[in-house]
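This report concerns only the one structure given below.
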Amino acid sequence: MTQALARLPGLGPRSARRAVLHLIKKRETALVPLVAALQAVERNLVTCAVCGNVDTRDPCGVCTDPRRDTASLCVVEEVADLWALDRARLFAGRYHVLGGRLSALDGVRPEDLAVDALVARIAEGGFAEVVLAMNATLEGQTTMHYVAERLAGSGVRVMQLAQGLPVGGELDYLDEGTLALALRARRLVE
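Going by UniProt numbering, the letters in the sequence shown line up with residues 1 to 190, in that order.
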């Protein structure tokens, strides 16, 4: 069990050992409910055929929510990105999960991502704006440019997230790339 937990992100061998010892010590209050929850997830979890989110139903709760703006679509790399954006409650539209990012080093090609499904979804109509919410990494930016090229001529406005200084960030601790983006995106003080 320790080896299985140690393979999870954020848990090394020592953290996994501590977790296992805690689960053994608290078998009835921690281990049994955890096992039951994991079995329920394994039985009920599905990938949404529309957007690529994971949920207990298909289409997912995000796709079936009638309060969402059906004219805006946010494209993300992974489900975790969708969850982070949705948790912030700053985007009220629909989502599309690509399932990764282009990476020559990792062997991830365009056909390995859900880009064709995105293009088909846009071609069905109804969307006025697509927000490309890719990570500010080389692979994320490469993916963003590839998706933008694929959507060119589709009639939708293709946007990207703003980049630059983080709130609370100090200039002395920022890398040159972040500073360069912040300078290029400078605006008038209001």
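Glycine is no exception: its CB is placed at the ideal position from the N, C-alpha and C atoms.
Cβ neighbour criterion (16 or more within 10 Å) applied to residue i
i, result
"Met144", "buried"
"Met1", "exposed"
"Leu73", "buried"
"His96", "buried"
"Asp65", "exposed"
"Leu82", "buried"
Rounded separation between residue i and residue j - CA only
i, j, result
"Asp58", "Arg43", "14 Å"
"Asp106", "Thr142", "14 Å"
"Val32", "Asp55", "23 Å"
"Arg18", "Ala123", "51 Å"
"Leu5", "Ala128", "44 Å"
CB of residue i within 8 Å of CB of residue j, strictly
i, j, result
"Val130", "Val158", "yes"
"residue 193", "Glu139", "What the structure shows of the chain is the stretch from 1 to 190, and residue 193 is not part of that stretch, so it cannot be assessed."
"Gln163", "Ala185", "yes"
"Ala114", "Leu98", "yes"
Nearest-angstrom Cβ-Cβ length linking residue i and residue j, presumed shorter than 8 Å
i, j, result
"Val76", "Leu85", "7 Å"
"Leu8", "Leu23", "Not confirmed; about 13 Å, so no contact."
"Arg94", "Val62", "7 Å"
Inside the stretch 145-188 only - beta strand (DSSP E) runs reaching at least 3 residues:
Segments of the beta strand (DSSP E) lying fully in the stretch 145-188: 157-160.
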